[in-house]
Amino acid sequence: MVVAALTATAAFSADSASPVNFHEHVAPLLFRHCSPCHRPGQSAPFSLLSFADAKKHARDLADVTARRFMPPWLPAPGHGEFVGERRLSDAEIAVFARWHQAGAPEGDPAKGPPNPVFPTEWQLGPPDLIVKMPAAYTVPSGGRDVYRHFILPLSITNRRWVRAWE
4 MVVAALTATA AFSADSASPV NFHEHVAPLL FRHCSPCHRP GQSAPFSLLS FADAKKHARD
64 LADVTARRFM PPWLPAPGHG EFVGERRLSD AEIAVFARWH QAGAPEGDPA KGPPNPVFPT
124 EWQLGPPDLI VKMPAAYTVP SGGRDVYRHF ILPLSITNRR WVRAWE
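All residue numbers for the sequence shown refer to the numbering used here, where the first residue is 4 and numbers rise by one.
Below you can see the structure in the form of structure tokens.
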């Protein structure tokens, strides 16, 4: 995984005049920073797992990355190092802008990274406790971000410590 990240980073520091395409330049960024949420069954309203998915959103990808709205990462730069940080570098943001400005070219699929593989079961192992909402809440597919707090009923009788949640 580290080798792939280093290879992908090297491609982004290339001359800004060199052509940018989906498979060689955009897909590695999407797969690392976007597809964990932008895939079927996850929180984002659309998928970013294929060229067709991304091409439909090329303008939006350039816009939301330039404004640092996506990928969401609230800690301000320079205030600590975080495992799993999702902040894009200026060079990575420029890739989205250049790809959009070039008309979102596909490039050679053989030169792209393999599609990401995500766990189908619990990512952190089987849980000790599953808490469910009494009623489903549907996140709208458009508009502004929705920030909500939900109070969930717990069926525990003694104090428990939360080490992780999924």
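Think of the CB as a built atom: it goes at the ideal place given N, C-alpha and C, for glycine as much as any other residue.
- The alpha-carbon separation between Trp-164 and Pro-31 amounts to approximately 37 Å.
- Secondary structure of Ile-133 (DSSP, three-state): coil.
- Between Arg-42 and Leu-33, the C-beta gap is not smaller than 7 Å, which leaves the two residues out of contact.
- Arg-101 carries a helical assignment under DSSP once its states are collapsed to helix, strand and coil.
- By the neighbour-count definition (other C-beta atoms within 10 Å, threshold 16), Glu-88 is an exposed residue.
- Judged by pairs of C-beta atoms under 8 Å, the segment 105-120 does not touch the segment 69-76, as fewer than three such pairs exist.
- Per DSSP, the continuous alpha helix (DSSP H) segment holding Lys-59 begins and ends at 54-59.
- Judged by DSSP in its simplified three-state form, Asp-93 adopts helix.
- Only buried fits Leu-91, as 16 or more other CB atoms lie within 10 angstroms of its CB.
- Ala-69 sits close to Ile-96, with the two beta carbons spaced by under 7 Å.
- Here the C-alpha atom of Ile-133 lies approximately 22 Å from the C-alpha atom of Pro-39.
- The C-beta separation of Phe-54 from Glu-109 comes to about 5 Å, placing the pair in contact by the 8 Å criterion.
- Our two residues, Leu-157 and Val-23, have alpha carbons roughly 51 Å apart in a direct line.
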